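Asks:
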Amino acid sequence: MDTALVEALQRAIELTDAAYARTSERVKKSLSEGALRPSDLLAQFKQTEARTRTQVWAAELLDNTVELIREMVYTHTMVQPSPHVCDSDCLSERYRSITGECNNRQHPRWGAANIPYSRWLPPEYEDAWGTPRGWDPEHTYHNATLPPVRLVSQEVLFTHNDNISLDSTLSHLLVEWGQWIDHDVVLTPQSPNPRNGIQSCMPFFRSAPSCVAGVLSHRHREQLNAITSFVDASMVYGSSTNLASALRNLSSPLGSMALNSQHSDQELAYMPFLPRLQAHLDPCGPRNSTTSGASDRSKRQENTTSCFQAGDSRANEHLGMIALHTLFLREHNRLVKELYLLNPHWSPDTLYQEARKIMGAIHQIITWEHYLPRVLGEDATSHLMPPYKGYDPEVDPSIANVFAAAAFRFAHVTVQPVVTRLGPGYTTNSQHPPLPLHHSLFASWRVVQEGGIDPVLRGLLLSPAKLQTPGQMMVEELTERLFQAQGGMPLDLGALNLQRGRDHGLPGYGSWRKFCGLSVPNTTSELADILSNFTLAHKFQLLYGTPHNIDVWVGAISEPALPGGRVGPLLSCLLARQFRALRDGDKFWWEREGVFTSTQRKHLRDVSLSRIICDNSHITHVPADPFSRIERPEDMLACSHSLISHLDLTPWKEPDTDPHCGPIPRIQSGYSLHCDSVILYHCHSGFKLLGSSSVSCDPNSQQWSSYPNMSRYEAYTRT
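Here the sequence shown is numbered in this note's numbering, starting from 674 and rising by one per residue.
This is the structure in structure tokens:
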């Protein structure tokens, strides 16, 4: 290799390692001083698994080398996942993999964790290498420069907390569910160090670059999705085998998830705390158990709380997210108990996988049947999301860059500035009063010490969503106080969203309107017609100089909502396209023939988020539709009401006979699973199976293989 290239590569390694070291040292210092920066808090829920970190480090190394020598050096810096060989056994067809790999056997990496976001339009960076749009303030687009994102946020988005309108029909739980599903399908790792070290400027961490397969003479920067694209409840179970294993109680005979060993919610479980070895950045604690909010790191006591551990690193972001994580942890453990009563011969792994499979279906049903119609509107849903026709292996379900960096961030403008907490009967509780949103961030201690998740859930059910209007975009809790820490500069979520789109090279508003077959505004008057608001259109013209330059996120959220929905034509197009791909390109979609039996599918249609709340909390009254606004507590229904439907798991009881070969041979001191025409065996702990680990049914002879000598399946020896 050329000496100059070797020197450049070595220098890039030094720069990359130094950036990681600086971040680690800064965080350690901030933690010891009890003064984490808002940017440190932002980094907390961007933590990724080891496999992702390896790819990110390699891509950072590549990026720094390119910056040094301006030529490709893939040979020594690319770290590509090794080609994945998909299993062809029964279990791989019955259960999706934790990593999302092999959902599509022809394209085993589609939708998997740790792959680049897909592109629906080519990126538009400031140069050929991936410099963000607007990086050079003098660079022009359509003969105009791009305005600073902070200026756009202040001029277009900023809304005083006390100057908001409330949604007349939708509850705040709908807003929370959108973020919950976002955390199931999108996680963009960030680079270890902000590119701007000016202390008076708001820091911004670029999204980490992704290494892509193949060597191209002109490569543009791509970003990485660290989790699976599929709606598979990965925020509960994780997207890596190591994390999935760490979240399980491997000593449980039921396939249960691990629980918190220090605290409980009146006998209901909490998530476990992060292991201290992993809590190098722990804004959730340790905290003095008697404090009302502020960290007291100089007087640490034994009774402390920490960040909860979940399948997604953003679980502790705020109280609503903690509540949903806790709720579905409990739901998994409730499901495995019921499944065990129906199938005591199932192994812990089978119980875990069957519950996980049901949980994935629950999330798909609630999202597609209850959430999306309220977001898109019934007419747009029926037009853009036609009925399911079956799995299409030619559809790539991978998350699109524009979806991750812009479209699915629409709900930020529907967030209330206050977190409402309510006591039994949905009454105001003086012990747990409402909180400003920034006081609920990374506050796991509030859940443990201030009444559990029930007050938060009641608040989400009874509180309306914020209504977005042209003059009431984003509350100041998000634009002026995001992740505000002691003595630190707060962040601006609106500005971060805008900069994220530029960082990812997303084309402007007009390009995406054209992509969706919509009219493209060229003048202020044409933009005013689309937005139905001349004042807002004129403001955009003053800021951007031309409608073509408007950042896609702010342009899309500014469009009037379609009838019955909460988003305009552009967002309806982008959201529907992505969710249709997630449905049609998922081999394990709940409606696909063979994923569940017809009877199971029929019963799954009874899934109810209100019932899940009833089954996993102390709440006794809920709305029939938890996404619809209820104004009076007396309108809530008792959990015993017939409208609060219950998922009957009876169809999951495994038959005792095979339709061709008759009675299924079971074994003592072991487990069995009927998978298609094969019976799989697994021993109890301490036993060893003598003989084959499976038998199969021959439909022609109607006999089990090796069936005559049943004793060989009952013969065990202690190990």
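The C-beta atom is built at its ideal place from N, Cα and C for all residues, glycine as well. What you are looking at is a predicted structure, and each value in this text was computed from that prediction instead of being measured.
Candidates Pro1070, Ala906 and Tyr1044: which alpha carbon is nearest Arg1029's?
Replies: As a first step, residue 1029 is located in the sequence shown; it is residue number 356 there, counting from the start. Arg1029 has its Cα closest to that of Ala906, out of Pro1070, Ala906 and Tyr1044.
Asks: So, with DSSP's three-state summary, where would you put Thr978?
Replies: Locating residue 978 in the sequence shown gives position 305, where the first residue counts as 1. Three-state result, Thr978: coil.
Asks: Here's the rule: buried if 16 or more other CB atoms are within 10 angstroms of the residue's CB, otherwise exposed. What is Lys1187?
Replies: Start at 1 with the first residue of the sequence shown, and residue 1187 comes out as number 514. When all chains shown are included, Lys1187 counts as exposed.
Asks: Please look up how many angstroms separate the CB atoms of Leu1140 and Leu932, rounded, as I've assumed it's under 8 Å.
Replies: For the purposes of this step, residue 1140 is taken as residue 467 along the sequence shown, with counting starting at 1. For the purposes of this step, residue 932 is taken as residue 259 along the sequence shown, with counting starting at 1. About 39 Å separates the two Cβ atoms, so there is no contact after all.
Asks: Rounded to a whole number of angstroms, what is the C-alpha to C-alpha distance between Pro948 and Gly1359?
Replies: In the sequence shown, residue 948 corresponds to position 275, counting from 1. In the sequence shown, residue 1359 corresponds to position 686, counting from 1. Answer to the nearest angstrom: the Cα atoms are 29 Å apart.
Asks: With a threshold of 16 other CB atoms inside 10 Å of the CB of His1294, please say whether the residue is buried or exposed.
Replies: Within the sequence shown, numbered from 1, the residue matching residue 1294 stands at position 621. Classification for His1294: buried.
Asks: Note down the Cα distance separating Glu1149 from Leu1024, rounded to an integer number of angstroms.
Replies: On the sequence shown, position 476 is the one that residue 1149 refers to. On the sequence shown, position 351 is the one that residue 1024 refers to. About 46 Å.
Asks: Excluding the five sequence neighbours on either side, which residues of its own chain have a C-beta within less than 7 Å of the C-beta of Ser1318, listed in chain order?
Replies: Here the question's residue 1318 lines up with position 645 in the sequence shown. So the qualifying residues of the chain are Asp1279, Ser1281 and Arg1284.
Asks: Starting from the N-terminal side, write out each stretch of the alpha helix (DSSP H) that is 4 residues or longer and does not extend beyond the segment 897-961.
Replies: If we require 4 residues or more, the alpha helix (DSSP H) runs fully inside the segment 897-961 come out as 907-910 and 914-920.
Asks: Checking the sheet assignment: what are the DSSP bridge partners for Asp1331?
Replies: Stepping through the sequence shown from its first residue, residue 1331 is reached at position 658. Answer is Gly1335.
Asks: Using the Cβ count rule (16 or more neighbours within 10 Å means buried), how would you classify Glu1004?
Replies: Residue mapping note: residue 1004 aligns to position 331 of the sequence shown, counting from 1. Buried, by the Cβ-count rule.
Asks: Tell me which same chain residues have a C-beta within less than 6 Å of the C-beta of Ser826, skipping the five on either side of it?
Replies: Counted from its first residue, the sequence shown places residue 826 at position 153. Excluding sequence neighbours, Ser826 sits near Thr1152, Asp1165, Gly1167 and Ala1168.
Asks: Taking all protein chains shown into account, do 16 or more other C-beta atoms lie within 10 angstroms of the C-beta of Ser1374, making it buried, or fewer, making it exposed?
Replies: Indexing the sequence shown from 1 puts residue 1374 at position 701. With fewer than 16 other Cβ atoms within 10 Å, it is exposed.
Asks: Closest to Ala1138 by CA distance: which of Tyr1099, Ala881, Val1092 and Pro1107 is it?
Replies: Looking up residue 1138 in the sequence shown gives position 465. Out of Tyr1099, Ala881, Val1092 and Pro1107, Val1092 has the C-alpha closest to the C-alpha of Ala1138.
Asks: What residues in its chain sit with their C-beta under 6 Å from that of Thr914, if we drop five residues either side in the sequence?
Replies: By one-based count along the sequence shown, residue 914 stands at place 241. Only Ile771 meet the Cβ criterion.
Asks: Leaving out five residues before and five after His856 in sequence, what residues of the same chain have Cβ atoms less than 6 Å from its Cβ?
Replies: Numbered from its first residue, the sequence shown carries residue 856 at position 183. Once the five neighbours on either side are set aside, the close Cβ partners of His856 are Met908, Asp985 and Arg987.
Asks: Look at Leu1045 and Leu1179 and say whether their C-beta atoms are less than 9 Å apart.
Replies: Translated into positions along the sequence shown, residue 1045 becomes position 372. Translated into positions along the sequence shown, residue 1179 becomes position 506. No; because the gap between Cβ atoms is not below 9 Å, this pair is not in contact.
Asks: Please report the residue range of the alpha helix (DSSP H) in which His1355 lies.
Replies: By one-based count along the sequence shown, residue 1355 stands at place 682. Careful: His1355 lies outside any alpha helix (DSSP H), inside the beta strand (DSSP E) at Val1351 to Cys1356.
Asks: When DSSP labels each residue in this structure, what does Pro1242 get in the three-state scheme?
Replies: What you label residue 1242 is simply residue 569 of the sequence shown in a count that begins at 1. In this structure, Pro1242 counts as helix in the three-state DSSP scheme.
Asks: According to DSSP, is Tyr1025 helix, strand or coil?
Replies: Taking the first residue of the sequence shown as position 1, residue 1025 is located at position 352. Of the three classes helix, strand and coil, the one that applies to Tyr1025 here is helix, per DSSP.
Asks: Suppose you measure from the CA of Glu774 to the CA of Val904; what does that come to, to the nearest Å?
Replies: Here residue 774 is taken as the residue at index 101 of the sequence shown, counted from 1. Here residue 904 is taken as the residue at index 231 of the sequence shown, counted from 1. Roughly 14 Å between the two C-alpha positions.
Asks: Reducing DSSP to helix, strand and coil, say where Thr999 ends up.
Replies: Along the sequence shown, read from residue 1 onward, the residue named residue 999 stands at position 326. Here Thr999 sits in helix by DSSP.
Asks: Who are the near neighbours of Ser1378 in its chain, counting only those whose CB is closer than 6 Å to its CB and skipping five residues on each side?
Replies: In the sequence shown, counting from the first residue as 1, residue 1378 sits at position 705. Correct list, in chain order: Val1368 and Ser1369.
Asks: Beta-carbon separation of Pro876 and Glu895 under 9 Å?
Replies: Position 203 of the sequence shown, counted from the start, is the residue given in the question as residue 876. Position 222 of the sequence shown, counted from the start, is the residue given in the question as residue 895. No.
Asks: Can you tell me which of the three DSSP states Ser880 falls into?
Replies: If you number the sequence shown from 1, residue 880 lands on position 207. Ser880: strand per DSSP, three-state reduction.
Asks: Determine the direct distance from the alpha carbon of Phe981 to that of Ala658, and round the result to whole angstroms.
Replies: Look at the range of the chain in this structure, 674 to 1392, and you will see that residue 658 is not part of it.
Asks: Can you find at least 3 beta carbon pairs, one from the segment 759-766 and one from the segment 1342-1351, that sit closer than 8 Å?
Replies: At 8 Å Cβ cutoff, the stretches touch.
Asks: Return the chain-ordered ranges of every beta strand (DSSP E) run that is complete within the segment 1058-1114 and spans a minimum of 3 residues.
Replies: You should have found no qualifying run.
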